[in-house]
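**Q** Handing you this structure, nothing more for now.
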Amino acid sequence: MDAIHLEYDVDGKNFVSAGSATESVKAQLKGLGINPADVRRVAIAMYEGEINMVIHANGGKAMVDIFMDKVIVKLIDTGKGIPDIEQAMKPGFSTADEDVRNLGFGAGMGLPNMKKYADECIIESEVGKGTTVTLITNFS
Amino acid sequence: MTIKDLTNLLQGKELYVEEPDRTIESGYAGDLLSFVMGRAPSGCAWFTVMTNINICAVAVLADIAVIVVCEGCEVDENVIAKARQQGINIISTELDIFGAIKKIDAG
Ligand SMILES: Nc1ncnc2c1ncn2[C@@H]1O[C@H](COP(=O)(O)OP(=O)(O)OP(=O)(O)O)[C@@H](O)[C@H]1O
Ligand SMILES: [Mg+2]
C-alpha cells in the first residue's frame, strides 16, 4: 500500500464543524481495515488537537499520512502559540474562556490525552507565530 | 443490557436510536469532554447533561454506544439531526445522573 495523504482546513471558532477532519480520518482508517483500537487512539488524539486549533488558535490545517504500519497526523496553526509547553501539558492547565467552558471544553486534559493515546506527541510552538503538533500512532 | 432495555429502565425517550439491540458494555458519567474522550471506555453508555453539538463528535470518535442525556435536558433538533446522520444512539431521561445509574445498579 502506498502512503495515503489527506489534508483538511480546520475552521477557527466553528463549534459545529469542529471534529469533522478527525471524523473523516477515522472513517478512512476504518475503511482500510485498521484495528478498531488503533483507529480509536488516532481519533481521540487527533480530535483533541483539532479542537485545540478551533478553540485556541483560530483554526489551522490538518495533514495526515497513512502508512502500512502507522499514521502521522500534523496539526499546523498560525495562532498565538504556547508560551510554556511543559505547563500546557500538565493535566488541568487551561486558558479556555468561559464561553468554551460552557460547551464542556477547558478541562485541561486535551494535551494529556494526546500524550496518552498517540505513541509520539511532538509539540513545537512559537509565541505569536503558531503551533505544530505531530502525532504518530503505530498500528499494533 | 441493550439500549432498548436501558431506555425502558430509565423511562427514557429515544431521541434517535439506530441500534436498539446493541449491547452496552460499560458506563461513564461526566460533562467535561476531554475527560470523556480520555476515560470513557468504548461501547459504553455515557451519562451527561451536556447537550451541545460537540457531544456527537465525542460519541463517534470514542466509540460510545449510547449518549444518555439526564435531567430531562432539552436537546436541540440540529444535535438530533447530526446523531441521525452519524448513526449515534441518543436517549434522554428525566432522572439525574446519580438516579439513572442507581436504577441500573438495582437492575
Ligand atoms: N494550538 C494551540 N494554540 C495555542 N494554545 C494552545 C494550543 N493548544 C493548546 N494550547 C494551550 O494549552 C492549554 C492546554 O491545552 P489542553 O488541550 O490540554 O486543554 P484545554 O484545551 O484548555 O482544555 P480541554 O482540552 O480539556 O478541553 C490550553 O488551554 C491553551 O492555553
Ligand atoms: Mg484542548
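Residue numbers (this note's numbering), protein chains in the order written: chain A, 1 to 140; chain B, 141 to 247. Yeah, the Cβ is synthetic: ideal placement off N, Cα and C, and Gly gets one too.
Return the first residue and the last residue of the beta strand (DSSP E) that GLU7 (chain A) is part of.
**A** As a first step, residue 7 (chain A) is located in the first sequence; it is residue number 7 there, counting from the start. 4–11 is the extent of the beta strand (DSSP E) around GLU7 (chain A).
**Q** Which residues share a DSSP beta bridge with SER232 (chain B)?
**A** The residue you call residue 232 (chain B) lines up with position 92 of the second sequence. The partner list for SER232 (chain B) (beta bridge, DSSP) reads B:LYS153 and B:VAL209.
**Q** I'd like to know whether the C-beta atoms of THR137 (chain A) and ASP38 (chain A) end up nearer to each other than 8 Å.
**A** As a first step, residue 137 (chain A) is located in the first sequence; it is residue number 137 there, counting from the start. As a first step, residue 38 (chain A) is located in the first sequence; it is residue number 38 there, counting from the start. Yes, these two residues count as a Cβ contact at 8 Å.
**Q** Across which residues does DSSP place ALA169 (chain B) in a beta bridge pair?
**A** Locating residue 169 (chain B) in the second sequence gives position 29, counting from the first residue. DSSP output for ALA169 (chain B) lists B:PHE187 as bridge partner(s).
**Q** What residues of chain B sit near TYR47 (chain A), judged by a beta carbon separation below 7 Å?
**A** Here the question's residue 47 (chain A) lines up with position 47 in the first sequence. Ordered by position in chain B, the residues that pass the 7 Å Cβ test against TYR47 (chain A) are MET177, ALA197 and LEU201.
**Q** Assign ASP77 (chain A) to one of two classes, buried (16 or more other C-beta atoms within 10 Å of its C-beta) or exposed (fewer than that).
**A** In the first sequence, the residue the question calls residue 77 (chain A) occupies position 77. Flag for ASP77 (chain A) reads buried.
**Q** Let me check you understand the geometry: is the CB of GLU126 (chain A) closer than 7 Å to at least one non-hydrogen atom of ligand 2?
**A** For the purposes of this step, residue 126 (chain A) is identified with residue 126 of the first sequence, where counting begins at 1. No, since every heavy atom of ligand 2 falls outside the 7 Å radius drawn around the Cβ of GLU126 (chain A).
**Q** Under 8 Å between beta-carbons, which chain A residues line up against LEU155 (chain B)? List them in chain order, please.
**A** Residue numbering aside, residue 155 (chain B) sits at position 15 when the second sequence is read from its first letter. Within chain A, no residue comes near LEU155 (chain B); the closest Cβ sits about 18 Å away, beyond 8 Å.
**Q** Within the chosen definition, does the region 222–237 of chain B reach the region 146–158 of chain B through at least 3 CB pairs nearer than 8 Å?
**A** Flag = yes, the region 222–237 of chain B and the region 146–158 of chain B touch.
**Q** For SER125 (chain A), which of helix, strand or coil comes out of DSSP?
**A** Position 125 of the first sequence, counted from the start, is the residue given in the question as residue 125 (chain A). Three-state DSSP puts SER125 (chain A) in a strand.
**Q** Quick check on the DSSP output: the beta strand (DSSP E) that includes VAL64 (chain A) runs from which residue to which?
**A** For the purposes of this step, residue 64 (chain A) is identified with residue 64 of the first sequence, where counting begins at 1. 59–66 is the extent of the beta strand (DSSP E) around VAL64 (chain A).
**Q** Should ALA180 (chain B) be counted as a contact of ligand 1 given a C-beta to heavy atom distance under 7 Å?
**A** Locating residue 180 (chain B) in the second sequence gives position 40, where the first residue counts as 1. Outside the cutoff, so no.
**Q** For a test of the three-state rule: what should DSSP assign to LYS222 (chain B), helix, strand or coil?
**A** Looking up residue 222 (chain B) in the second sequence gives position 82. Helix, per DSSP.
**Q** Measure the beta-carbon distance from ILE164 (chain B) to MET141 (chain B) and round it to whole angstroms, keeping in mind my assumption that it falls under 8 Å.
**A** Working through the second sequence from its first residue, we reach residue 164 (chain B) at position 24. Working through the second sequence from its first residue, we reach residue 141 (chain B) at position 1. Going by Cβ atoms, the distance from ILE164 (chain B) to MET141 (chain B) rounds to 5 Å, so yes, they are a contact pair.
**Q** With distances taken Cα to Cα, identify the nearest neighbour of ARG41 (chain A) among B:LEU172, B:ASP245, B:ASP203 and B:SER166.
**A** As a working note, residue 41 (chain A) is residue 41 in the first sequence. Taking only the C-alpha atoms, the option nearest ARG41 (chain A) is B:ASP203.
**Q** Cβ of ALA202 (chain B) versus every heavy atom of ligand 1: is any distance shorter than 7 Å?
**A** Counted from its first residue, the second sequence places residue 202 (chain B) at position 62. Answer for ALA202 (chain B): no, Cβ out of range of ligand 1.
**Q** If GLU98 (chain A) sits next to LEU75 (chain A), beta carbons under 8 Å apart, how far is it from one beta carbon to the other, in whole angstroms?
**A** The residue you call residue 98 (chain A) lines up with position 98 of the first sequence. The residue you call residue 75 (chain A) lines up with position 75 of the first sequence. So it is not a contact: roughly 25 Å between Cβ atoms.
**Q** Could you give the residue range of the alpha helix (DSSP H) that holds ASP99 (chain A)?
**A** As a working note, residue 99 (chain A) is residue 99 in the first sequence. 98–101 is the span of the alpha helix (DSSP H), which, as asked, contains ASP99 (chain A).
**Q** Can you find the residues in the same chain that come closer than 7 Å, C-beta to C-beta, to GLU154 (chain B), ignoring five residues on each side of it along the sequence?
**A** Residue 154 (chain B) sits at position 14 when you count from the first residue of the second sequence. For GLU154 (chain B), where only same-chain residues beyond five positions count, the Cβ hits under 7 Å are THR147 and ILE231.
**Q** By the three-class DSSP mapping on this structure, what secondary structure does GLY81 (chain A) have?
**A** To locate residue 81 (chain A), count along the first sequence from 1; it is residue 81. Coil.
**Q** Can you tell which of B:GLU211, B:VAL215 and B:TRP186 has its C-alpha closest to the C-alpha of VAL200 (chain B)?
**A** Residue mapping note: residue 200 (chain B) aligns to position 60 of the second sequence, counting from 1. Here the closest residue by C-alpha is B:TRP186.
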